[in-house]
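Position 218 (the sequence shown) corresponds to 217 in numbering that gives the first Met the number 0; numbering is contiguous.
The structure appears below as structure tokens.
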Amino acid sequence: MMISRRQVLGTSAAMLMTTLAGKASAQDYPNKPVRIVVANPPGSGLDADSRFWAAGLTSLLGQTVLVDNRPGGATTIGTSLVAKSSPDGYTLLVGIPSSLCYMAELYTKLPYNPNDFEAISQLTALRSVIVAHPGLPANTATELVKLAKARPGTIPAGTVGIGTFQHLLGEWFGAITGTSYQFVPYNTTSPYTALLGGETQVMFDALPASMSNIRAGRLKALAVTGKGRHPLLPNVPTFEELGIREFNASTWFGLLAPAGTPKPILEKVAAACATLAHKPEVIQRYHDYGGEPVGSTPAEFSAYIRSEREKWVPVVKRSGIKLELI
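Below, the structure written as structure tokens:
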């Protein structure tokens with residue numbers, strides 16, 4: 000099929016107009032409040048962090064940035080709401096590893112596709128930890144491996160539920176160390192209450208959730224992820240120095256927009272996130288409980304999500320878990 004010069008010029012003009020429209024919309028953006036959807040309930044750790052970032056973005060963008068909690072359906076309600084929203088930059092999502100990296104493998108059917116989003120900026124990276132009740136006769140991750148091999152499938156490990164981050168983190172650790180655990184789901188109560196009370200013995204989780212109890216001596220950390228020891232936990236080894244180098248799991252969250260959102264808008268929000276991430280008070284806030292602010296570009300965050308999918312999908316496949324949304 001021959002393409003005429005007129006058709007080429009018409010296509011080029013249309014592309015130019017789209018680009019100019021995107022730039023114009025970014026210059027005017029935002030001219031009304033921006034909504035950040037959090038697919039977790041109010042009062043959760045992710046909710047508190049999201050409100051912290053929303054307050055900072057309000058100051059930098061000159062418009063109110065508010066948090067809209069839409070929990071339920073294993074985070075699919077809030078996530079799918081954003082996927083179906085207008086791609087104008089006024090409805091954003093706080094994305095987490097489960098919704099973006101492995102739920103499509105875990106659930107037989109999702110009301111959204113992970114590719115329904117444009118990456119804006121990774122906001123934080125949080126270390127992972129194996130935390131234990133003080134009575135567990137193991138003080139490091141390697142000692143836990145030895146104990147678990149002597150007691151296969153009997154050491155109770157608390158989780159928030161089947162297929163959750165804590166559960167899959169434990170499955171990952173078990174797969175690379177040749178150990179197994181008795182995973183106990185606490186769907187309606189905190190698994191930390193059970194761990195503190197000795198009902199369970201270990202948890203695989205993000206470090207911030209247990210940092211205060213570790214520092215108070217109510218729980219003990221057996222190892223943390225990361226290249227070096229955490230400055231607030233100098234006596235806790237990293238998995239890497241214990242020789243468990245394949246266990247490099249961390250958790251994180253970041254901002255996303257519906258697919259098709261103009262690139263200049265994504266870049267404007269990302270630049271504001273980067274400004275916040277480099278503020279000394281923000282850095283200190285996250286270092287105090289085991290994480291760090293990131294503030295990446297859209298391209299960097301998009302590449303990071305792809306690399307995380309490559310890590311997590313094999314974990315889910317090995318576990319053999321398949322779930323249905325209720």
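Cβ atoms here follow ideal geometry from the backbone N, Cα and C, with glycine treated the same way.
Given the structure is predicted, the values throughout are model-derived calculations rather than measurements.
Asked: Considering only residues of the stretch 53-131, which uninterrupted beta strand (DSSP E) runs meet the minimum length of 3 residues and lie entirely inside it, listed in chain order?; Found: 64-68, 90-94, 116-125 and 127-131
Asked: Pick from 292, 252 and 258: whose alpha carbon is nearest that of residue 100?; Found: 252
Asked: Express the C-alpha separation of residue 207 and residue 32 in angstroms, rounding to a whole number.; Found: 30 angstroms
Asked: List in chain order: all unbroken beta strand (DSSP E) runs of 3+ residues lying wholly within the stretch 212-257.; Found: 219-223 and 250-257
Asked: Could you check how far apart the C-beta atoms of residue 237 and residue 224 are, in whole angstroms? I think they sit under 8 angstroms.; Found: 7 angstroms
Asked: Verify whether the separation of the beta carbon atoms of residue 326 and residue 176 is less than 8 angstroms.; Found: Nothing about residue 326 can be reported from this structure: the residues present for the chain run from 0 to 325 only.
Asked: Which ranges would you report for the beta strand (DSSP E) in the stretch 123-188 if only whole runs of at least 3 residues count?; Found: 127-131, 155-158 and 181-184
Asked: Report the start-end ranges of each alpha helix (DSSP H) in the stretch 281-322 that is 4 residues or longer and not cut off at the edges.; Found: 297-318
Asked: Contact defined as beta carbons within less than 8 angstroms: I believe residue 218 pairs with residue 209. What is the distance between those atoms, to the nearest angstrom?; Found: 6 angstroms
Asked: Would you report the Cα separation of residue 254 and residue 120, rounded to the nearest angstrom?; Found: 5 angstroms
Asked: Reducing DSSP to helix, strand and coil, say where residue 325 ends up.; Found: coil
Asked: Just to check my reading of the structure: residue 163 and residue 290 have Cβ atoms closer than 8 angstroms, yes? What is that Cβ distance to the nearest angstrom?; Found: Contact flag wrong, Cβ pair sits at about 19 angstroms.
Asked: From this set, 295, 51 and 135, which residue's C-alpha is nearest residue 284's C-alpha?; Found: 51
Asked: Taking 8 angstroms as the cut-off, decide whether the C-beta atoms of residue 74 and residue 109 are in contact.; Found: no
Asked: Pick from 91, 80 and 78: whose alpha carbon is nearest that of residue 65?; Found: 91
Asked: Specify the secondary structure class of residue 205 as computed by DSSP and reduced to three states.; Found: strand
Asked: Given a threshold of 16 other Cβ atoms within 10 Å of its Cβ, counted over all protein chains shown, does residue 35 qualify as buried or as exposed?; Found: buried
Asked: Kindly indicate which three-state DSSP category residue 0 falls into: helix, strand or coil?; Found: At residue 0, the pLDDT of 45 sits below 50, so the modelled position is not reliable; the number obtained from the coordinates is stated separately. Looking at residue 0 - three-state DSSP - the assignment turns out to be coil, as it is neither helix nor strand.
Asked: Does the Cβ-Cβ distance between residue 256 and residue 88 come in under 8 angstroms?; Found: yes
Asked: Cutting at 7 angstroms between CB atoms, please list the residues of its own chain near residue 80, excluding the five before and the five after it.; Found: 36 and 69
Asked: Could you work out which residue in 298, 93, 261 and 281 is closest to residue 39 when comparing CA atoms only?; Found: 93
Asked: Comparing C-alpha positions only, which one of 55, 58, 240 and 48 sits nearest to residue 95?; Found: 48
Asked: Quick one: residues in its chain with C-beta nearer than 8 angstroms to the C-beta of residue 214, no 5 flanking neighbours on either side, listed in chain order?; Found: 231 and 232
Asked: So, for residue 300: in the same chain, excluding its five sequence neighbours on each side, which residues have a beta-carbon less than 6 angstroms away from its beta-carbon?; Found: 118, 120, 121 and 253
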